[in-house]
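J.: When you line the sequence shown up against our numbering, it's residues 15 to 602, in that order. Take a look at the following structure, please.
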Amino acid sequence: MTPELWAPIPTRVALRRPGRADLPMRRDDRDRWHADVELEPGDEYGFVLDDDHRALPDPRSLRQPLGVHELSAAFDLCAHEWADAAWTGRQLAGGSVYELHIGTWTPDGTLDSAIERLDHLVELGIDFVELLPVNAFNGTHNWGYDGVLWYAVHEAYGGPAAYQRFVDACHAHGLAVIQDVVYNHLGPSGNYLPRFGPYLRTAERNTWGDSVNLDEPEVRRYIVENAMMWLRDFHVDGLRLDAVHALRDRSERHILRELVEHADALSAHLGRPLSLIAESDLNDPTLILPRESGGYGLTAQWSDDHHHAMHVALTGETAGYYADFAPLDALVKTTTRGFFHDGTYSSFRGRDHGHPIDVVVPTWRLVTFTQDHDQVGNRAAGDRLSPALGEARLAIAAVLNLTTPFTPMLFMGEEWAAATPWQFFTSHPEPELGRATAEGRIAEFARMGWDESLVPDPQDPETFRRSKLDWSEPAQADGVHARLLGLHRRLLALRRARPEFTDPAFEHTTAWADDSAGRFRMDRGAPDAHERVVVLANLGASPWSLELDGPAEVLLATDPALAAAGTPDRMLELPPETAAILAVAHGS
């Protein structure tokens, strides 16, 4: 590779290579600096700015073998011999997603050790593997959202070569890969980009720090080319775009639309679908509306509202932002309309929030879940649903999650009710930053009313170790872990077998609830179909007797006796703490 650097701020730049004299670089009229040398793979290098004696890493570094404060290493993206030539990709429609963190999914916490567990996902019935951010961050372990070098793969995970092996292996297993990327802020340690150019707006901040300067064309180019690198050079099938509501873009063409245009062009060239999925707090369907209709054209967006409605229905927890979702009717609304706050008053925000989704939008454009890294890790103790709910209610959670009209997602370990927590962990080498992070976490939970004493120290290595999955749990032949794992496998198989579950029409899903009795019903299927699928969940303490519209077949039930019933008459009694899925013929 030939070193090249965009750096309008310094007046002099020199290339540093160990064992050689610093080489002055020449500047062109676009503020790009060049050096007439060729770096071989593995060669270490950095850039010395003006009179500074220290060399800084390359803002586009692909590899940081000694960490984000040290020299970069040249890496040849073309050296890997890809074996996925026959891979044609996967469309998101009809698919299921599995979110995992490389550092805690396996005991070793590496990309290569993750390859050894891919058979588990295939047997589960997963279509997409979604990785939390793998970009280079300071320290050894982190959620990944403190990244400072977006082009580099964190070395402790195995670096870029291991990442290529992982994607290749996923494709060999029939699994598509979604990479979580963060373009709204930079981490607090190792962020040298402002030394090179105006990457940030210092006078404008978001939740995590200075806003990214989307007014600068070269910064936009830095983002777009990073996104295309994952999709093109690492053969990734999609990107999850973190917290897009924090992207402050004042241009006529929003950066999200710009990303979609480039991804669509690349998809046409590669001949495989490429998905861009937004995490957004806006409840704004503009993100997923077609560009021809004035939208940004993103493939999908997450729906926290549906999570909140399911969480409250399952746990009864109504503190903080859960308060508005207390009635079971909230689950009816999110099931049939996607968003709960679609222009309604949000008590947590203290204002009206959101916009309605047009019924012509396919339902699969929303990604929904009962648990994810945020909703687990950002709880005071990082506790999953499994410690709080019994097996019966965890089974109901699985049914609600995987029969959703939307694109369902599982969080790693959820499929077997993992007993391990998933807590917020960092490994900042700077003591003052570590203290500030710990104090910030405690202050964060005051608004939610959670017990501060439950908050673990994110800098304590035990917090990280506790968050690793225990793979002896799903290996058990019997018990709650085995039963819930088996249930998730049956649900995902049923989702593939019955077209009603992947029917994308909002109008083909109806729902009803009795809040006082704790009963929920969802019907899936076209009105004129000879048969439809009915999902029932009895969250109450009393049996639920109901008359069906026609002959029925029990496709799945969380109660063994009901599951064995097979074909009931038109009267069905659903025991407390039970869910069932029925195929019901139209009345005759």
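We treat Cβ as the ideally placed atom computed from N, Cα and C, and that holds for glycine.
Please classify I371: is it buried, with 16 or more other beta-carbons within 10 angstroms of its beta-carbon, or exposed?
T.: Indexing the sequence shown from 1 puts residue 371 at position 357. The residue in question, I371, is buried, as its Cβ has 16 or more Cβ neighbours within 10 Å.
J.: Please state whether the Cβ-Cβ distance between W157 and L483 is less than 8 Å.
T.: Taking the sequence shown and counting its residues from 1, the one referred to as residue 157 is at position 143. Taking the sequence shown and counting its residues from 1, the one referred to as residue 483 is at position 469. No. Outside cutoff.
J.: Judging by CA-CA distance, which residue of A432, N415, E444 and P582 is the nearest neighbour of P401?
T.: Looking up residue 401 in the sequence shown gives position 387. Measuring from the Cα of P401, the nearest candidate turns out to be A432.
J.: Provide the residue span of the beta strand (DSSP E) that contains S289, from first to last.
T.: On the sequence shown, residue 289 is found 275 positions in, with the first residue counted as 1. Counting along the chain, the beta strand (DSSP E) containing S289 begins and ends at S289 to A292.
J.: Restricting to Cα atoms, I'd like to know which of T477, G564 and A409 is closest to A597.
T.: Counting from 1 along the sequence shown, the entry for residue 597 is found at position 583. Comparing Cα-Cα distances from A597 to each of T477, G564 and A409, the minimum goes to G564.
J.: Which residues does DSSP pair with R535 in a beta bridge?
T.: For the purposes of this step, residue 535 is taken as residue 521 along the sequence shown, with counting starting at 1. Bridge partners of R535: W526 and L550.
J.: Taking just the CA atoms, how far does S317 sit from D298?
T.: Counting from 1 along the sequence shown, the entry for residue 298 is found at position 284. Counting from 1 along the sequence shown, the entry for residue 317 is found at position 303. Between the alpha carbons of D298 and S317 lies a gap of roughly 10 Å.
J.: For M39 and D65, I'd like the C-alpha separation in whole angstroms.
T.: Residue numbering aside, residue 39 sits at position 25 when the sequence shown is read from its first letter. Residue numbering aside, residue 65 sits at position 51 when the sequence shown is read from its first letter. Computed Cα separation, rounded: 14 Å.
J.: Pairing CB atoms from the region 442-457 with CB atoms from the region 114-129, are three or more of them under 8 Å?
T.: By the C-beta criterion, the region 442-457 is judged not to be in contact with the region 114-129, since fewer than 3 inter-stretch pairs fall below 8 Å.
J.: Could you give the residue range of the alpha helix (DSSP H) that holds Y236?
T.: Here residue 236 corresponds to residue number 222 of the sequence shown, with the count starting at 1. Run containing Y236: P231 to M242, per the alpha helix (DSSP H) assignment.
J.: By a C-beta neighbour count over all protein chains shown, 10 Å radius and 16 as the cutoff for buried, is D160 buried or exposed?
T.: In the sequence shown, residue 160 corresponds to position 146, counting from 1. By the Cβ-count criterion, D160 is buried, with 16 or more other Cβ atoms from all chains shown falling within 10 Å of its own Cβ.
J.: Would DSSP call W164 helix, strand or coil?
T.: As a working note, residue 164 is residue 150 in the sequence shown. Correct three-state label for W164: strand.
J.: Measure the alpha-carbon distance for L189 versus D397 and round it to whole angstroms.
T.: In the sequence shown, the residue the question calls residue 189 occupies position 175. In the sequence shown, the residue the question calls residue 397 occupies position 383. If you take the alpha carbons of L189 and D397, they lie about 28 Å apart.
J.: To the nearest whole angstrom, what separates the beta carbons of Q389 and H320, a pair I think is in contact under 8 Å?
T.: Here the question's residue 389 lines up with position 375 in the sequence shown. Here the question's residue 320 lines up with position 306 in the sequence shown. That pair is no contact at about 11 Å.
J.: Can you give me the C-alpha to C-alpha distance between G173 and R219, rounded to a whole angstrom?
T.: Numbered from its first residue, the sequence shown carries residue 173 at position 159. Numbered from its first residue, the sequence shown carries residue 219 at position 205. A direct Cα-to-Cα measurement between G173 and R219 gives close to 31 Å.
J.: Using the Cα positions of E54 and D45, report the straight-line distance between them to the nearest angstrom.
T.: Within the sequence shown, residue 54 is the residue found at index 40, counting from 1. Within the sequence shown, residue 45 is the residue found at index 31, counting from 1. So the alpha carbons of these two residues sit roughly 25 Å apart.
J.: Could you name each continuous alpha helix (DSSP H) segment of 4 residues or more that falls completely within the region 317-369, going from the start of the chain to the end?
T.: 318-329 and 343-351
J.: Give me, in chain order, the residues of the same chain whose beta-carbon lies closer than 7 Å to that of A69; leave out the 5 immediate sequence neighbours on both sides.
T.: Locating residue 69 in the sequence shown gives position 55, counting from the first residue. The residues are R30, G60, F61, V62 and L85.
J.: Quick test of the definition: if touching needs 3 or more C-beta pairs under 8 Å, does the region 283-298 touch the region 224-232?
T.: no
J.: Pick out whichever of T348, G311, E306 and L312 has its Cα sitting closest to the Cα of V326.
T.: Translated into the one-based positions of the sequence shown, residue 326 becomes position 312. If we check each option's Cα against that of V326, T348 comes out closest.
J.: So L138 packs on H522, CB below 8 Å; how close in whole Å?
T.: Within the sequence shown, numbered from 1, the residue matching residue 138 stands at position 124. Within the sequence shown, numbered from 1, the residue matching residue 522 stands at position 508. With a Cβ gap of about 27 Å, L138 and H522 do not count as contacting.
J.: For G404, tell me which candidate among I269, A100, R510 and R497 has the shortest Cα-Cα distance.
T.: For the purposes of this step, residue 404 is taken as residue 390 along the sequence shown, with counting starting at 1. Taking the Cα of G404 as reference, the smallest distance to any Cα among I269, A100, R510 and R497 is reached at R497.
J.: Using 8 Å for Cβ pairs, my map puts L135 next to H115. What's the rounded Cβ distance?
T.: In the sequence shown, the residue the question calls residue 135 occupies position 121. In the sequence shown, the residue the question calls residue 115 occupies position 101. That pair is no contact at about 14 Å.
J.: For Q490, count the other beta carbons within 10 Å of its own beta carbon; 16 or more makes it buried, fewer makes it exposed. Which is it?
T.: Numbered from its first residue, the sequence shown carries residue 490 at position 476. The residue in question, Q490, is exposed, as its Cβ has fewer than 16 Cβ neighbours within 10 Å.
J.: Out of E591, R479, T313 and D43, state which residue places its alpha-carbon closest to the alpha-carbon of E293.
T.: The residue given as residue 293 occupies position 279 in the sequence shown. The option with the nearest alpha carbon to E293 is T313.
J.: Just to check, is the beta-carbon of T124 closer than 7 Å to a non-hydrogen atom of the ligand NAD?
T.: No copy of the ligand NAD occurs in the structure displayed, which carries no ligand at all.
J.: Under 8 Å Cβ to Cβ from A579, same chain only, skipping five residues before and after it: list those, please.
T.: Residue 579 sits at position 565 when you count from the first residue of the sequence shown. Answer for A579: V568 and A571, listed in chain order.
J.: Among E113, D72, G252 and G109, whose alpha-carbon lies nearest the alpha-carbon of L163?
T.: Position 149 of the sequence shown, counted from the start, is the residue given in the question as residue 163. L163 has its Cα closest to that of D72, out of E113, D72, G252 and G109.
J.: Could you compute how far the alpha carbon of V375 sits from the alpha carbon of V274?
T.: Stepping through the sequence shown from its first residue, residue 375 is reached at position 361. Stepping through the sequence shown from its first residue, residue 274 is reached at position 260. Spanning the two alpha carbons is a distance of roughly 17 Å.
J.: Given Y233, which residues of its chain have a CB within under 8 Å of its CB, disregarding the five upstream and five downstream residues?
T.: Translated into the one-based positions of the sequence shown, residue 233 becomes position 219. Looking at the sequence itself, residue 233 is Val, so the reference to Tyr does not match. The residues are G211, P212, Y213, V226 and N227.
J.: Less than 8 Å separating the beta-carbons of P590 and A555?
T.: One-based indexing of the sequence shown puts residue 590 at position 576. One-based indexing of the sequence shown puts residue 555 at position 541. Going by C-beta atoms, P590 is nearer than 8 Å to A555.
J.: Please say whether V167 and V148 have beta carbons closer to each other than 8 Å?
T.: For this step, residue 148 is matched to residue 134 along the sequence shown. For this step, residue 167 is matched to residue 153 along the sequence shown. Closer than 8 Å, so yes.
J.: Measure how close the beta-carbons of R215 and R271 come, nearest whole angstrom, since I'm counting them as under 8 Å.
T.: Against the sequence shown, residue 215 aligns to sequence position 201. Against the sequence shown, residue 271 aligns to sequence position 257. In fact, because the Cβ distance is near 20 Å, the residues do not count as touching under 8 Å.
J.: Tell me which residue opens and which closes the beta strand (DSSP E) that W20 is part of.
T.: Along the sequence shown, read from residue 1 onward, the residue named residue 20 stands at position 6. W20 -> beta strand (DSSP E) spans E18 to W20.
J.: Enumerated in chain order, which unbroken segments of the alpha helix (DSSP H) with a length of 4 residues or greater are wholly contained in the region 72-122?
T.: 116-119, all fully within the region 72-122.
J.: Measuring alpha carbon to alpha carbon, tell me which of W526, A175, I595 and T524 ends up nearest C92.
T.: Along the sequence shown, one-based indexing puts residue 92 at 78. Cα-wise, what sits closest to C92 is A175.
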